[in-house]
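Heads up, the thing below is written out as C-alpha cells.
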Amino acid sequence: MLGAHTAVGGVAQRGAIWHSGRRLMLVRLRTTTSDAARDPGVAGEHGAVAVRGVLRDRLDRRVRYVRMSLTDRCNLRCTYCMPREGVDHVDRAELLTFEEIERLAAALAGLGVTKMRLTGGEPTLRRDLPDLVRRLRSIPSIDATDGRLRVFMTTNGILLPGLAAALAEAGLCGLTVSLDTLDPDKFRAITRAGALPRVIEGVEAARVAGQPGLKLNTVAIRGFNDEELHALCRFAWARGMTPRFIETMPMAGGALYVPGELMPAAQVRAQIAGQLGASVRPHHGGDFEAAGPASYWRVDGGADDGRVFGTIGAMTENFCERCNRLRISARGQLHGCLAYDDAFDLRRALRDGEEGAVREVLGAALGQKRAAHDFRLDGGGGPVKPMIGIGG
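221 is the number that the numbering used here gives to position 115 of the sequence shown; each next residue is one higher, with no gaps.
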C-alpha cells in the first residue's frame, strides 16, 4: 500500500481509490506559500518539487510520461541495440510483476502522469500482455483527456500477428513498430535474425484490428537505409501510420556507435524532401502535438502533399529542456535519463511496502534528474547500459 509523504511545495493529503478490487493509497498535494511553491526551482530534502499534486524535477520540468520496460529479452539482436555477444539477462524473479506495475502506474497516474509506454527488450514476450494493457487502461489519471491512463507500446512486430487484435480490444492507445529497412537481406543483417514478412504481417494485423495511433520508427543510418527513407515513409502512409526517423546514439559505452553512420535529423528531412520531390515545413497541433521528443514535418508539394513524418534528433537537435519523461527498467530501476546510468530502486520500495517508500524514490530521482545528456558525436558521453536494457 502506498502512503502519504510530505513533499516540497505542498501538504500531503491521503486519498484512496479502489482499483481491480484493491484499495490503493495515493497522495494528493495542495500548494502552500512556501519558498518552493513560490519558486519551483527550490529543492527540498530530495531536491524534488511536487506542486498541485504533480511531479516536477529540480528544473521545474513536469513529468507526464513514463516508459515502462517489461523485459530485457528480445527475439531480435539489432546491431545498434544489443552487443553481438549478447547481454546478461535479468532473472525472471527479478522482473516487476503485473501487480507491481499496476500499483506503480496507479501511484504515478495520481501524481499527474498521463501516458505510459510499454517497452522492452521486446514487450510482446511477456505472457498475458493484453491483460496488463486492460488493467493499466482502467487506472484513473488526474490529467488525462479521457480520465484514464493512456497506454502505448513499442514493438519489433515479430509477434504482433497473434496479438494485435487482443491489444486493440484491450484499449491500447497507440502502437509503434520499429522497422529499419524494407529490404529482406538488409533486415536480416541489421536484426541478426527475424523475417521481414512477419513484421509486415504484424503491421497489417494491427491496421485490420483498428489499432489507433500507429507509428513506424526507423533508425536512420548513413550507408544502410538512407536511400530508402522515402520508401519507408510511403510504406507507413499507405497503412495509416506516421513514420519517424531517429538518430543513432552512443549507448553501451559507445561500443555500438559508428560516428560516420549518424544521419542528423536535418539531413534526414532534406533527404526525404529530395527523394519525394517536395519541400517540408514544421507541423504542429492535432494528433501530432508532441508528447515525446519527436518534431513533426509536413510535406509540401508533389504526390505526397500534406503527408506528415517525424524526426527525433537526440544528437543534433537537443530537446532535453522540454523533457517530460522517466524510465523504469524491467527490474524496477528508475532512470531519470536514457543517457546516464543513474538508477533508483523502485522494486525494493514496492516489495518492502513501507509507507511513502515509492514517493521517496521518485523524489530522489527527480531531485537528481540531469539538465541534459552528454552524448557526443564522436561516440563518447553515453551510458554503459545498452539500449535493450532500458527500452529507448
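Think of the CB as a built atom: it goes at the ideal place given N, C-alpha and C, for glycine as much as any other residue.
Beta bridge counterpart(s) of residue i as assigned by DSSP
i, result
"V283", "T261, L322"
"H441", "R433"
"W343", "Paired residues: none, contrary to the question."
"Y446", "In DSSP, Y446 forms no bridge with anything."
"G416", "R350, Y402"
"V305", "Note: V305 sits in no beta bridge, so no partner."
"L452", "Bridge partners of L452: none, in fact."
"R328", "None; R328 has no bridge partner."
"R256", "K221"
"M421", "Paired residue(s): none; M421 is not in a bridge."
"L368", "I327"
"M174", "L224, I434"
"P246", "R254"
Burial state of residue i, where buried means 16 or more other Cβ atoms lie within 10 Å
i, result
"L483", "exposed"
"V314", "exposed"
"G226", "buried"
"R303", "In the sequence on display, residue 303 carries Pro and not Arg. Under this definition P303 is an exposed residue."
"D141", "Since pLDDT at D141 reaches only 29, below the 50 mark, its modelled position is unreliable, and no value is offered."
"G442", "buried"
"H390", "exposed"
"G253", "exposed"
"D286", "buried"
"T251", "exposed"
"L132", "Confidence in L132 is poor, its pLDDT being 36 and thus under 50, which makes the residue's placement unreliable; the coordinate value appears in the next sentence. Its Cβ being crowded by 16 or more others within 10 Å, L132 is buried."
"P388", "exposed"
"G416", "buried"
"R190", "exposed"
"V157", "Since pLDDT at V157 reaches only 34, below the 50 mark, its modelled position is unreliable, and the value read off the structure follows with that caveat. V157 comes out buried."
N-terminal and C-terminal residue of the beta strand (DSSP E) that residue i is part of
i, result
"P349", "348-352"
"T225", "221-225"
"G500", "One cannot answer for residue 500 here, as it falls past the ends of the chain, which runs 107 to 498."
"V464", "Where V464 is concerned, there is no enclosing beta strand (DSSP E), although the alpha helix (DSSP H) it sits in stretches over 463-473."
"R387", "385-389"
Whole-number beta carbon distance between residue j and residue i, since they are thought to touch under 8 Å
i, j, result
"L176", "P229", "4 Å"
"G300", "I264", "6 Å"
"P370", "G485", "So it is not a contact: roughly 15 Å between Cβ atoms."
"V172", "L432", "5 Å"
"L456", "E208", "At roughly 11 Å, the Cβ-Cβ gap does not stay under 8 Å, so L456 and E208 are not in contact."
"D238", "F293", "Looking at the sequence itself, residue 238 is Leu, so the reference to Asp does not match. 29 Å between Cβ atoms; not a contact."
"K321", "T282", "4 Å"
"L335", "N262", "L335 to N262, Cβ: 19 Å. No contact."
"G408", "A384", "4 Å"
"Q377", "D406", "That pair is no contact at about 16 Å."
Boundaries (first-last residue) of the alpha helix (DSSP H) holding residue i
i, result
"P236", "235-243"
"P290", "290-297"
"R375", "371-382"
"L214", "204-215"
"A270", "270-276"
Whether residue i touches residue j by CB criterion (9 Å)
i, j, result
"D448", "R476", "yes"
"G218", "G159", "yes"
"R428", "G438", "no"
"N430", "R168", "yes"
"C87", "I418", "No statement about residue 87 is possible, as the shown extent of the chain runs from 107 to 498 and does not include it."
"G319", "G488", "no"
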